[in-house]
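Peer 1: The structure is given below, and queries will be raised subsequently.
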Amino acid sequence: MSTPEVRDMSCVVVCGDDAEALRATVGSVLGQTLAGTEAVLVTTGADETAASLAAGDPQRIRLVHAGTGSHGDLLRDLGLAAARGRYVMVAAPGERLERHACRNLLEAALRTDADLVAGRWEKGPGRYKDLYARSRVTEGLADAPELVTSDALAAGFCVRRAALGTLSDTGEALFGVRAALAARRIALVPNLIVTGRAPAAPVRDLPRAARAQRATVELLRHDDILRAAREKTFLTDHVVPCVRAFLPLGPDGRREAAATLAESLRGLVSPEALRTLPPVERVGVRLLADGDADGVRAAAYALARPGTVVSPLVRTGDGRVRWSAEHAGDDAFDVTELGHQYGQFTDLRLLNQVTHCLREGAVLAVGGRVVVPLGLLDHGPVLAARLDLTVRGGGARPYSVPVGDVRLDDGGIVWRAEVPLTGALRPRGIGDRVWDPRLVLTVDGVPVTTELLADKATVPAGATALPARPRLTRLTADTWQPYVTAGHHLAVCLLPRRRPARAAHALLHYVTHFRPARELKPVLRALGKKREALHSKRVKTRVYRRILTRLPVSRGLVVFESHMGKSYGDSPRAVHEELLARGARPRCVWSYATSPAGFPAGARLVRRWSWRYLWALARAEWWVDNQGFPHALDKPRHTTYLQTWHGSAYKRMGFDEPRHATQNAPQRDALARAVGRFDHFMVRSEHDVNTLARAYRIPEEKLLRAGYPRNDRLVAARARDEREGRFPRPAPATELGIPDHRTVVLYAPTFRGLPKDGRTVELPLDVREFAERFGDTHVLLVRAHYMEAASLPVTPPGTVIDVSGHHDVSELLVLADVLITDYSSIMFDYALLDRPLVHFAPDLDAYAAERGAYFDLRARAAGPVAETQEELLRTLDGLKEADGEWQAARRAFAAEFGTYDDGGAARAAADLILGVKEPRA
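Just so we're aligned: 124 in the numbering used here is position 124 of the sequence shown, and the numbers increase by one with no gaps anywhere.
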């Protein structure tokens, strides 16, 4: 009797109804570069596709026949039992193994002696990018709990076949979770293993996910930490997407889905897991568990349109805000932190649900109901309304229809309008086909605009269409058709329904698609690409270097730039204002990155990387900036470059940065060329000389020991404080609405990574907790780094103000009574004011280890260093009493790091530009 051949890897596939998907999966198994790979196909009956595949390659494809009543998990286990590979894996029909997947998994298994090896199963970064960021081995789950607390092992892993016998029988618990818990050693690899997984269908998939969750939680019952994490992940990965998926469902579909899913979720939504969710997600999950179909849809709309009030909020006796009166006693429906209670009715974004939309004679009758939260209109205001229809994309004036019936009714606003589309609205017929209606409510004379949320069932196509009369005749279109957009809002479009209009459209389609037109389109696209290429940075750089830099100098032309064009501020602004204050008349050009808002009206403005920008740089007599003009642009021979820089260094900079050790020679040369353009480099202390100047290899003769021009304002403010006191506050206090009796705290953390292109970051400081604790006496100004953007939660008015868009941080420093920062260079500037400074740096040690630091901040700080939120809040609570202990350290800090900041830096820079005298050495 012969012994079955042992394979390296067995891939078990439970066959389904999709023959093409099965062929794709089996083909990917047979196409593996690891020769010893087999496919085990499990069927529940006669499967012609599986049989033909097995007949085509009987040595590598095996069939396992199961009973007709077997379910998916039993079928999978039967396949695993029949597998002959040293390692086994499971794939669903349609999933495809990457060509080297089995080889990569097996090599990692043999190299590490792991019982389980897992890699990525989705393209791109994905949800598990950190888990599979690098190759590593873990003994148990301590270093990779995500393997069982999430669906990271839904695919893309293999298990040692000899270890299958140790897997406990846990019903429908995820096979990957069972394998991870049983594995003695686990290897993780960054390779992509599986592609082609079926797209998620949250409503369809939730019942099965709930069954697996129930069994998995039972499996984790002895580990409270893993179980709690698994319960939270189940809500965020499965239930919350299901809530979001309710928005496009019709009324009947919603009710059926809610009833089915509520039963599936019974016992799986724990109060502890609910508390970890944001308010709207928490409410949506709870409503789904309760089977409230319409409530889930409202929550789904609030998730799709953050900030929208979708329910009649109520305030309870303890001052908290609940979702509705029905849920006033349930903490799961507490939505206080959304902050809706702080806004006026006219400031809120309100849900406006269309309740009917039907053709009535020659008009379209539309009605709806607007949510009124917190009894804000109980005083009986004067109500009026109109319906505005605007062309999508603009280009035409809105068409307004007065709303004849608008009234308060049972805690909401009910309205009804008759829109004479046929008789009154005369579009052109071309370029204005889609119109979006919005209801404009007027409450005591103050307008508030709402979008119209609609169900497809409420807008039946056959009962809403009306004749249209375009100005360009009915050959362009002849029918007004209301419909529901992909965003679930009501819209009206022009369509060609009658024969003449359809014929005209068919003719137009032919003219634009027959052969000559088809041949012309690629030519036009090619011309468009060439036009785009003429405006590319590569072409602009070439033209700048070869042509523009040869142009003669324009005497007196000074080009200013601050933070790569992102602001009108910092030292370049101080130098510019000094030149103007002297009555000098240099021709000043300022660059801006995206918007010219906030830049000086009297200066010529050019957009960064525009042709006008390049022309100005090529002809300028002086360049003045604080960060660096584009590295690719060479400095003309006739130009002098004054680099004012943007801050003293705590973290390692330039060639001292650890990352530069791993860069290649061209990258290092590019930095050296960019820095080599500097003719003068401003420093504020010998610390700058020993760190920045040395790190960027700037020679002694280029150093301008004059301080930072931006700090002249701080030096003057300290002198004014000592002479006149702190009041009245500077102008920004009035602009921001800050009363004199409030303590102003500026929170300005540093930049922690590479540019994020405007993406929001999570601040280390919980500003909501700050507002709750100090809101009555303090105002927190939040200044995100100019290369990042922060999203702030809603807090009581006047307690937290986002000042990230303020152009000049020096004005904010003068305004602040206290500065909270981490290790940002702003600490060196603020110390000049001799005001309290607190370092809040939870990641200080990790940051210093990763980026490197020039000194020990804890040993030389100008104020207390807090590493936790509670420690920071305690420090602020006792800051007034404890500040005296830090005064000597703060003054020593300012003296060491601001030696040359004496208030004359802008004057020294202006002297240099105007050639008045030799600048200070």
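No residue lacks a Cβ here, since even glycine has one placed at the ideal position from N, Cα and C.
Distance, Cα to Cα, Arg710 vs Phe629?
Peer 2: 19 angstroms
Peer 1: My understanding is that Ala906 touches Val443, with C-beta atoms under 8 angstroms, so please give their C-beta distance in whole angstroms.
Peer 2: Not a contact, Cβ separation roughly 51 angstroms.
Peer 1: Which of the three DSSP states is assigned to Lys651 in this structure?
Peer 2: strand
Peer 1: To the nearest angstrom, how far is it from the Cα of Thr932 to the Cα of Gln59?
Peer 2: Nothing about residue 932 can be reported from this structure: the residues present for the chain run from 1 to 921 only.
Peer 1: Whole angstroms are fine: how far does the CA of Lys880 sit from the CA of Ala910?
Peer 2: Using only the alpha carbons, I get a separation of about 40 angstroms.
Peer 1: Under a three-way DSSP split, which group does Asp845 fall into?
Peer 2: helix
Peer 1: By alpha-carbon positions, which one of Val240, Ala465, Arg773 ends up nearest to Val800?
Peer 2: Arg773
Peer 1: Compare the beta carbon distance of Gly79 and Val12 with 7 angstroms and say whether it is the shorter of the two.
Peer 2: For Gly79 and Val12, yes; Cβs fall inside 7 angstroms.
Peer 1: May I ask which residues mark the beginning and end of the beta strand (DSSP E) holding Arg160?
Peer 2: 157-160
Peer 1: Along the chain, where does the alpha helix (DSSP H) containing Val88 start, and where does it finish?
Peer 2: Here Val88 belongs to no alpha helix (DSSP H); instead the beta strand (DSSP E) covers 85-91.
Peer 1: For Glu561, report the span of its beta strand (DSSP E) as first-last.
Peer 2: 557-561
Peer 1: What residues in its chain sit with their C-beta under 8 angstroms from that of Thr308, if we drop five residues either side in the sequence?
Peer 2: Tyr301, Ala302, Arg349, Leu350, Leu351
Peer 1: Could you tell me which residues DSSP pairs with Thr308 in its beta bridges?
Peer 2: Arg349
Peer 1: Taking the straight line between their C-alpha atoms, what separation do you get for Leu466 and Arg497?
Peer 2: 11 angstroms
Peer 1: Would you mind working out which of Ala39, Asp634, Val391 sits nearest Ala91, comparing C-alpha positions?
Peer 2: Ala39
Peer 1: Can you give me the C-alpha to C-alpha distance between Asp834 and Trp886, rounded to a whole angstrom?
Peer 2: Each residue's CA atom was taken as its position, placing Asp834 and Trp886 some 10 angstroms apart.
Peer 1: For the ligand PLP, any of its heavy atoms closer than 6 angstroms to the Cβ of Trp480?
Peer 2: The ligand PLP is not part of this structure, which contains no ligands at all.
Peer 1: Do you know whose CA, among Ser648, Ser536, Arg677, lies nearest Asn690's CA?
Peer 2: Taking only the C-alpha atoms, the option nearest Asn690 is Ser648.
Peer 1: Mind checking whether Leu389 and Pro437 have CB atoms under 7 angstroms apart?
Peer 2: yes
Peer 1: Under DSSP, the beta strand (DSSP E) around Phe681 begins and ends at which residues?
Peer 2: 680-683
Peer 1: Out of Arg608, Pro248, Val391, point me to the one whose CA is closest to Gly431's CA.
Peer 2: The shortest C-alpha separation from Gly431 is found at Val391.
Peer 1: Which word fits Tyr342, buried or exposed, when buried means at least 16 other C-beta atoms lie within 10 angstroms of its C-beta?
Peer 2: Under this definition Tyr342 is an exposed residue.
Peer 1: Who pairs with Tyr641 in a beta bridge, going by DSSP?
Peer 2: The bridge partners DSSP lists for Tyr641 are Trp623.
Peer 1: Kindly indicate which three-state DSSP category Gly412 falls into: helix, strand or coil?
Peer 2: It is a strand residue.
Peer 1: Hey, how far is the Cα of Asp757 from the Cα of Thr464?
Peer 2: Because the pLDDT of Asp757 is 44, which lies under 50, any placement of that residue in the model is unreliable, and the question is left without a value.
Peer 1: Taking the Cβ atom as the reference point for each residue, do Ala251 and Pro202 lie within a distance shorter than 7 angstroms?
Peer 2: At residue 251 the sequence reads Pro, which differs from the Ala that was named. No, the Cβ-Cβ distance between Pro251 and Pro202 is not below 7 angstroms.
Peer 1: Decide if the stretch 584-596 is in contact with the stretch 716-726; the criterion is three or more beta carbon pairs, one per stretch, under 8 angstroms apart.
Peer 2: no
Peer 1: For the beta strand (DSSP E) containing Tyr592, list its first residue and its last residue.
Peer 2: 587-592
Peer 1: State the beta-bridge partners of Cys11 as determined by DSSP.
Peer 2: Residue pairing of Cys11 in beta bridges, as defined by DSSP: Ala39, Met89.
Peer 1: According to the neighbour-count rule (16 or more other Cβ atoms, all chains shown, within 10 Å of its Cβ), is His926 buried or exposed?
Peer 2: With the chain running from 1 to 921 in the structure shown, residue 926 is simply not present.
Peer 1: Out of Arg515, Leu876, Asp625, Arg783, point me to the one whose CA is closest to Val809's CA.
Peer 2: Arg783
Peer 1: Tell me where the beta strand (DSSP E) around Gly368 begins and ends.
Peer 2: Boundaries of the beta strand (DSSP E) around Gly368: 363-371.
Peer 1: Label Gln344 either buried or exposed according to how many other C-beta atoms from any shown protein chain fall within 10 Å of its C-beta, with 16 as the threshold for buried.
Peer 2: exposed
Peer 1: Looking at the strands, I want to know which residues DSSP matches up with Tyr922.
Peer 2: The chain is shown only over 1 to 921; residue 922 falls outside these bounds and no answer can be derived.
Peer 1: In angstroms with no decimal places, state the Cα-to-Cα distance between Thr236 and Pro190.
Peer 2: 24 angstroms
Peer 1: To which residues of the same chain is Pro402 closer than 7 angstroms at the C-beta, ignoring the five residues directly before and after it?
Peer 2: Arg386
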